[in-house]
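Q: For reference, the structure I am asking about is given below.
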Amino acid sequence: MSEFLVIVESPAKAKTIERYLGKKYKVKASMGHVRDLPKSQMGVDVTNEYEPKYITIRGKGPVLKELKTAAKKAKKIYLAADPDREGEAIAWHLAHSLDVDIHSDCRVVFNEITKDAIKESFKHPRPINMDLVDAQQARRILDRLVGYNISPLLWKKVKKGLSAGRVQSVAVKLIIEREKEIKDFIPEEYWSIEGEFLKGTEAFEAHFHGIGTEKIELKSEAEVQNVLKQLKGNKFKVTAVTKKERKRNPAAPFTTSSLQQEAARKLNFRAKKTMMLAQQLYEGIDLGKEGTVGLITYMRTDSTRISEIAQTEASEYIQASYGEAFLQEEKRKEKKNTNAQDAHEAIRPTSTLREPNSIKEFLSRDQFRLYKLIWERFVASQMAPAIMDTMSVDLKNGEIIFRANGSKVKFPGFMKVYVEGTDDQAEEKNNMLPDLREGDEVLKKDIDPKQHFTQPPPRYTEARLVRTLEELGIGRPSTFAPTLDTIQKRGYVALDNKRFIPTELGEIVLELISEFFPDILDVEFTAKMEQDLDNVEDGKTKWVNIINDFYKEFEKHLEIAEKEMEQVEIKDEPAGEDCEECGNPMVFKMGRYGKFMACSNFPDCRNTKPIVKDIGVKCPNCKEGNIIERKSKKRRIFYGCDRFPECEFISWDKPLPRSCPKCEGLLVEKKLKKGVQVQCVSCDYKEEQQS
């Protein structure tokens with residue numbers, strides 16, 4: 001008989017831990033929470049210090065029964081849920097259900113699921129931390145008070161199935177405000193003058209900088225012509241050469257937020273997918289003879305802190321693999337986010353020695369790609385800076401100054417392993433200039449004036465929105481992915497070309513919340529609430545006080561909204577065609593997977609059909625049909641003939657309405673990592689890549 005019972009959340013985690021602990025330990029999974037607030041009612045007594053009413057979650061009866069049976073046979077019970085607020089609350093609920101004394105040493109926590117970490121954690125069990133539990137309870141009750149009061153109001157006044165929450169409402173507000181900025185944006189004209197120059201046979205580029213000692217911004221074609229008129233002949237004199245050495249430091253190891261952002265940029269993963277895969281890597285992967293091993297540390301963290309043991313192992317690996325020159329000379333100072341709880345280490349591999357390629361055969365394609373990203377980011381963070389040689393040269397013709405900038409990698413340092421992605425700029429490239437010295441003469445080969453217009457701020461991608469929420473102090477690591485998922489499921493926003501756009505429904509709901517519950521949308525108010533919850537966790541504030549301060553004002557707004565909020569009718573948008581089954585007009589509806597067409601005579605007529613988007617290209621296969629945009633079962637866009645199944649032409653790349661100038665074949669837009677490129681499907685013709 002097992003002497004000790006250990007309870008974790010998931011079977012995968014249980015399997016990994018049981019192998020490390022030995023025969024005296026039986027490890028079982030609770031499958032997440034076993035108790036929660038009821039779905040059918042508020043479950044919070046606002047007249048009795050906001051006492052929560054917890055019930056056994058539907059379907060968890062058999063799990064709880066099995067755990068109770070195992071608990072009766074065990075000498076001692078250890079509760080080993082995840083090392084965060086949510087995990088502490090799960091442990092507390094389990095203790096309540098299994099009659100475990102919360103003041104006893106029943107709680108075990110670990111940041112990584114490795115043999116050493118697990119064995120060490122069981123040497124230091126502790127009581128359940130009620131400050132952590134209270135912080136989780138406060139968030140749960142707060143969200144319940146908001147959601148279960150505002151949501152029924154929205155059902156009554158707008159439509160059923162809507163919801164409102166603190167973090168999700170702010171996220172929708174950010175998306176709508178950005179859309180307004182884009183619509184209100186007035187482009188401004190500006191110009192640049194690019195020049196190609198020759199030093200002997202070596203060509204290089206420079207751009208117009210100014211006149212005399214003054215830097216000039218060109219606003220119109222007239223200003224450009226004025227500059228060009230002042231140029232005399234083809235000779236330019238080198239008047240200044242500046243050479244510098246610049247250090248570039250690596251990015252810090254991943255936090256939850258930065259992992260979600262980088263996985264979106266480099267792997268094209270949604271936040272929800274990133275967290276699902278990270279959970280799998282954390283809980284353990286079967287590595288054949290090595291058994292099941294947790295590959296990364298806990299993936300919900302806002303800290304970039306790294307343990308001394310991990311730093312030492314990484315240093316030894318870097319020295320052995322790349323040489324001593326690639327080691328960082330001194331420990332970098334950790335940049336702490338003022339909103340960070342700093343409860344755990346950064347996300348890193350549990351062992352630097354477990355190289356991605358050495359375990360590739362045991363991982364799915366996406367697991368491997370995410371593990372490789374985490375491993376490379378961590379190893380690079382422990383390496384020496386890259387050293388760049390930079391060069392700036394001024395070229396003078398009369399009073400006109402052109403400037404050339406160049407750089408090259410002198411020493412790659414961390415860049416040997418990994419370079420952080422960006423939302424807006426291409427990665428740094430070598431662009432070294434010829435050997436130029438003051439007094440040299442160069443020849444103008446070509447001058448090319450270009451007209452530009454300022455661009456509106458970009459729509460939010462998932463990565464940008466997560467970064468903005470984090471910077472504003474809205475939400476915490478565990479909330480970002482579910483928040484983004486919820487606002488899409490509710491139909492408040494949609495993704496268009498991987499960027500968020502608000503829907504009419506989202507704008508209506510936000511307007512109502514803004515009018516009657518302004519605090520819910522106030523960024524500073526919501527950020528302060530997060531800080532208050534952190535204070536509860538730190539034992540500085542009682543959770544009941546936080547809830548009470550909020551609810552007293554909220555209740556007043558609720559009473560006003562109940563009386564004054566007007567009914568809003570969301571009319572279906574006409575689709576511009578009639579139903580082929582009953583003749584009534586078709587309308588656009590919003591479903592789980594986006595817009596579709598449905599008969600306006602519903603429920604008498606249930607005819608529906610997808611929205612067909614004609615891209616204006618004749619089918620190259622049958623020459624009769626038109627190419628339309630379609631979606632696969634996994635919601636991936638592809639292109640096919642509208643005469644399907646008679647014509648089976650399909651393409652994952654978007655066909656273009658013009659033919660290849662080389663062979664008259666079909667041209668398509670091929671999506672690459674950094675932009676798109678026009679290519680011919682029949683020959684080797686390609687056009688310059690566009691960002």
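All the letters of the sequence shown, read from the start, carry residue numbers 1 to 691 under full-length UniProt numbering. Just so it is clear, CB atoms sit at the ideal spot from N, CA and C, and this is done for glycine as well. Small disclaimer: the values here were computed from a predicted structure and weren't measured.
Using the Cβ count rule (16 or more neighbours within 10 Å means buried), how would you classify residue 357?
A: Position 357 of the sequence shown, counted from the first residue, corresponds to residue 357. Answer is exposed; the Cβ neighbour count stays below 16.
Q: With distances taken Cα to Cα, identify the nearest neighbour of residue 261 among 370, 101, 123, 46.
A: Numbered from 1 along the sequence shown, position 261 holds the residue referred to as residue 261. Ranking 370, 101, 123, 46 by CA distance to the CA of residue 261 puts 370 first.
Q: Exposed or buried, residue 453, counting other C-beta atoms within 10 Å across all chains shown (16 or more means buried)?
A: The residue you call residue 453 lines up with position 453 of the sequence shown. By the neighbour-count rule (16 or more Cβ atoms within 10 Å), residue 453 is not buried but exposed.
Q: Hey, would you say residue 318 sits closer than 8 Å to residue 382, going by beta carbons?
A: The count along the sequence shown starts at 1 and reaches residue 318 at position 318. The count along the sequence shown starts at 1 and reaches residue 382 at position 382. The answer is yes: Cβ separation under 8 Å.
Q: Near residue 485, what residues of its chain come up, given a Cβ to Cβ distance below 6 Å and the 5 sequence neighbours on each side ignored?
A: Taking the first residue of the sequence shown as 1, we reach residue 485 at position 485. Closer than 6 Å at Cβ, skipping near neighbours: 272.
Q: Count the other CB atoms within 10 Å of the CB of residue 299; is the residue buried (16 or more) or exposed (fewer)?
A: The residue you call residue 299 lines up with position 299 of the sequence shown. Counting Cβ neighbours within 10 Å, residue 299 comes out buried, since at least 16 surround it.
Q: Measuring only the C-alpha atoms, how far is residue 340 from residue 109?
A: For the purposes of this step, residue 340 is identified with residue 340 of the sequence shown, where counting begins at 1. For the purposes of this step, residue 109 is identified with residue 109 of the sequence shown, where counting begins at 1. With a pLDDT of 49 at residue 340, under the threshold of 50, the modelled position of that residue is not reliable, and the figure given next carries that caveat. Near 20 Å, if we compare the C-alpha coordinates of residue 109 and residue 340.
Q: For the structure I just gave you, are there three or more beta carbon pairs, one from the region 165-172 and one from the region 437-447, closer than 8 Å?
A: no
Q: Grab the span of the alpha helix (DSSP H) containing residue 275 for me, first residue to last.
A: Within the sequence shown, residue 275 is the residue found at index 275, counting from 1. Segment 271-283, the alpha helix (DSSP H) holding residue 275.
Q: Which residues share a DSSP beta bridge with residue 197?
A: As a first step, residue 197 is located in the sequence shown; it is residue number 197 there, counting from the start. DSSP output for residue 197 lists 204, 444 as bridge partner(s).
Q: Identify which residue in 281, 189, 395 has its Cα closest to the Cα of residue 197.
A: As a working mapping, residue 197 is identified with position 197 in the sequence shown. The shortest Cα separation from residue 197 among 281, 189, 395 belongs to 395.
Q: What is the DSSP secondary structure of residue 568, reduced to helix, strand or coil?
A: Locating residue 568 in the sequence shown gives position 568, counting from the first residue. In the three-state scheme derived from DSSP, where H, G and I count as helix and E and B as strand, residue 568 is classed as coil.
Q: Once DSSP output is grouped into helix, strand and coil, what is the label at residue 552?
A: The residue given as residue 552 occupies position 552 in the sequence shown. In this structure, residue 552 counts as helix in the three-state DSSP scheme.
Q: Leaving out the 5 sequence neighbours to the left and right, which residues in its chain are closer than 8 Å to residue 209 when beta-carbon positions are compared?
A: Taking the first residue of the sequence shown as position 1, residue 209 is located at position 209. Answer for residue 209: 215, 216, 394, 401, 402, 403, listed in chain order.
Q: Apart from the five residues on each side of it in sequence, which residues of its chain come closer than 8 Å, Cβ to Cβ, to residue 622?
A: In the sequence shown, residue 622 corresponds to position 622, counting from 1. Within the same chain, residue 622 has close Cβ partners 641, 643, 646, 647, 649.
Q: Using the three-state DSSP reduction, which class does residue 600 fall into: helix, strand or coil?
A: Taking the first residue of the sequence shown as 1, we reach residue 600 at position 600. In this structure, residue 600 counts as coil in the three-state DSSP scheme.
Q: Can you name the residues that DSSP bridges to residue 245?
A: Walking along the sequence shown from the start, residue 245 turns up at place 245. Partner(s): 389.
Q: Within the present structure, is the beta-carbon of residue 482 separated from the nearest heavy atom of the ligand ATP by less than 7 Å?
A: The ligand ATP is not part of this structure, which contains no ligands at all.
Q: With a threshold of 8 Å, are at least 3 pairs of Cβ atoms found where one atom belongs to the region 115-131 and the other to the region 531-548?
A: Yes, they touch.
Q: Which value, in whole angstroms, describes the spacing of the CA atoms of residue 29 and residue 246?
A: Residue mapping note: residue 29 aligns to position 29 of the sequence shown, counting from 1. Residue mapping note: residue 246 aligns to position 246 of the sequence shown, counting from 1. Their Cα atoms are separated by approximately 52 Å.
Q: When you compare the CB of residue 449 with every CB in chain D, is at least one pair closer than 8 Å?
A: Absent from the structure is chain D; it holds one protein chain and no more.
Q: Can you tell which of 309, 287, 329 has the C-alpha that lies nearest to the C-alpha of residue 355?
A: As a first step, residue 355 must be located in the sequence shown, where it is residue number 355. Per the Cα distances, 287.
Q: Using a Cβ-Cβ cut-off of 7 Å (strictly less than) and excluding sequence neighbours within five positions of residue 565, which residues of its own chain qualify?
A: Reading the sequence shown from its first residue, position 565 is the one you call residue 565. Excluding residues within five positions, the ones whose Cβ falls inside 7 Å are 153, 157, 512, 516.
Q: Got a sec? Which residues, its chain only, sit under 7 Å from residue 144 by beta carbon, not counting five neighbours each side?
A: Counting from 1 along the sequence shown, the entry for residue 144 is found at position 144. Taken in chain order, the residues that qualify are 37, 42, 43, 44.
Q: Report yes or no: do the region 192-207 and the region 548-563 share at least 3 C-beta pairs separated by less than 8 Å?
A: no
Q: I need the straight-line Cα distance from residue 227 to residue 190, nearest angstrom please.
A: Here residue 227 refers to the residue found at position 227 when the sequence shown is read from its first residue. Here residue 190 refers to the residue found at position 190 when the sequence shown is read from its first residue. Their backbone Cα atoms lie some 14 Å apart in a straight line.
Q: Could you tell me the boundaries of the alpha helix (DSSP H) in which residue 263 lies?
A: Here the question's residue 263 lines up with position 263 in the sequence shown. From DSSP, the alpha helix (DSSP H) with residue 263 extends over 256-267.
Q: In the DSSP assignment, find the unbroken beta strand (DSSP E) run with residue 409 in it and report its ends.
A: Counting from 1 along the sequence shown, the entry for residue 409 is found at position 409. Start and end: 400-411.
Q: Residues in the same chain with beta-carbon distance under 6 Å from residue 432, minus the five sequence neighbours each way, listed in chain order, please.
A: Against the sequence shown, residue 432 aligns to sequence position 432. Closer than 6 Å at Cβ, skipping near neighbours: 406, 408.
Q: Within 10 angstroms of the Cβ of residue 575, are there 16 or more other Cβ atoms? Answer buried if so, exposed if not.
A: Here the question's residue 575 lines up with position 575 in the sequence shown. Answer is buried; the Cβ neighbour count reaches 16.
Q: Check residue 492 in the structure and name its three-state DSSP category.
A: The sequence position of residue 492 within the sequence shown is 492, counting from 1. Three-state result, residue 492: coil.
Q: Do residue 483 and residue 475 have their C-beta atoms within less than 8 Å of each other?
A: Taking the sequence shown and counting its residues from 1, the one referred to as residue 483 is at position 483. Taking the sequence shown and counting its residues from 1, the one referred to as residue 475 is at position 475. It is a contact, given that the beta carbons lie within the stated cut-off.
Q: Using the beta-carbon count (16 or more within 10 Å), is residue 654 buried or exposed?
A: The residue you call residue 654 lines up with position 654 of the sequence shown. That one is buried.
Q: Report back the beta-carbon spacing between residue 651 and residue 663 to the nearest angstrom; my notes put them in contact at under 8 Å.
A: Position 651 of the sequence shown, counted from the first residue, corresponds to residue 651. Position 663 of the sequence shown, counted from the first residue, corresponds to residue 663. No, residue 651 and residue 663 are not in contact; Cβ-Cβ is about 17 Å, not under 8 Å.
Q: Grouping DSSP H, G and I as helix and E and B as strand, with all else coil, what is residue 529?
A: Against the sequence shown, residue 529 aligns to sequence position 529. Helix.
Q: Hey, would you say residue 546 sits closer than 8 Å to residue 138, going by beta carbons?
A: Along the sequence shown, one-based indexing puts residue 546 at 546. Along the sequence shown, one-based indexing puts residue 138 at 138. Yes, these two residues count as a Cβ contact at 8 Å.
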